[in-house]
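S.K.:
Residue numbers (my numbering): 1 to 201.
#1: Would the region 132-143 and the region 93-111 be scored as touching if the rule is three or more Cβ pairs under 8 Å?
#2: Can you give the Cα-Cα distance for residue 105 and residue 141, rounded to whole angstroms?
#3: Where residue 178 and residue 121 are concerned, what is the direct C-alpha to C-alpha distance, given to the nearest angstrom?
#4: With distances taken between CB atoms, is the gap from residue 12 to residue 43 smaller than 8 Å?
#5: May I ask you to list the residues that DSSP assigns as paired with residue 47?
#6: Could you pull the start and end residues of the alpha helix (DSSP H) that residue 58 belongs to?
#7: For the pair the region 179-191 and the region 149-158, tell me if three or more CB-CB distances fall below 8 Å.
#8: Cα-Cα, which of 117, 162 and 131 is closest to residue 38?
#9: Helix, strand or coil: how does DSSP classify residue 141 here?
#10: Quick one: give me the first and last residue of the beta strand (DSSP E) that residue 94 is part of.
#11: Among 173, 51 and 77, whose alpha-carbon lies nearest the alpha-carbon of residue 144?
#12: Return the bridge partner residues of residue 156 from the DSSP annotation.
#13: Near residue 14, what residues of its chain come up, given a Cβ to Cβ distance below 7 Å and the 5 sequence neighbours on each side ignored?
#14: Please report the straight-line C-alpha distance between residue 1 and residue 26, rounded to a whole angstrom.
Below is the structure:
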């Protein structure tokens, strides 16, 4: 796996082993960043369920200002730290070994709000369980309700095609989605009632 474009374009990334580790393929990352386009430049990024950090590091390579990476796997964290150093991004990247569901309690994360782009890329097995999917939907809503997401910010959720119950979201609404093979990416923004919504880009 490599960084696709930007200052670190072509840089190889370490990928942690494990049955539930499935970093986004190049095609999926191309879709994500073509849709984000100019939003990446200068963005403050939060990468939840970060794994090896391919999404957040791609954003930094393309001009994001800084990124915080959250993952609760020691194996992923080792790969992530190695990737941050290999890309020369230690001054703009903060890895945190923490459950994404606990991010709202972290002073370091709260101190850096708001986030212009939030990546939410949980393990597929989590979303295969009704309780896990419900927890994930609640996490997404809290990103807006607890002001982690900027007023005109974007949340990108990656999941299996067709499983995201977007109608259950209270504070976010889908603005775009794309499917590539066994992956769907859904882009979410605040509903009008949770901020000054300017519509999708």
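All residues carry an ideal CB built from backbone N, CA and C; glycine is no exception. Bear in mind that the values here come from a model prediction, so they are computed numbers and not experimental data.
M.R.: The answer reads as follows:
#1: With the cut-off at 8 Å, the region 132-143 and the region 93-111 touch.
#2: Here residue 105 is taken as the residue at index 105 of the chain shown, counted from 1. Here residue 141 is taken as the residue at index 141 of the chain shown, counted from 1. When rounded, the separation of the alpha-carbon atoms in residue 105 and residue 141 is 15 Å.
#3: Your numbering for residue 178 matches position 178 in the chain shown. Your numbering for residue 121 matches position 121 in the chain shown. Between residue 178 and residue 121, the C-alpha separation is close to 15 Å.
#4: Looking up residue 12 in the chain shown gives position 12. Looking up residue 43 in the chain shown gives position 43. 8 Å or more divides the Cβ of residue 12 from the Cβ of residue 43.
#5: Reading the chain shown from its first residue, position 47 is the one you call residue 47. Under DSSP, residue 47 shares a beta bridge with 69 and 119.
#6: In the chain shown, residue 58 corresponds to position 58, counting from 1. Residues 54-61.
#7: Touching, yes.
#8: Your numbering for residue 38 matches position 38 in the chain shown. Each of 117, 162 and 131 was checked against the Cα of residue 38, and the nearest Cα belongs to 117.
#9: Taking the chain shown and counting its residues from 1, the one referred to as residue 141 is at position 141. In this structure, residue 141 counts as helix in the three-state DSSP scheme.
#10: In the chain shown, the residue the question calls residue 94 occupies position 94. Per DSSP, residue 94 belongs to the beta strand (DSSP E) from 93-97.
#11: Along the chain shown, one-based indexing puts residue 144 at 144. When only C-alpha atoms are compared, the closest one is 173.
#12: For the purposes of this step, residue 156 is taken as the residue at position 156 of the chain shown. Within the DSSP secondary-structure output, residue 156 pairs in a beta bridge with 119 and 187.
#13: Mapped onto the chain shown, residue 14 falls at position 14. Take residue 14, set aside five residues on each side of it, and the residues of its chain with a beta-carbon closer than 7 Å to its own are 52, 79, 82 and 83, in chain order.
#14: Sequence index remark: in the chain shown, residue 1 carries index 1 (1-based). Sequence index remark: in the chain shown, residue 26 carries index 26 (1-based). Between residue 1 and residue 26, the C-alpha separation is close to 8 Å.
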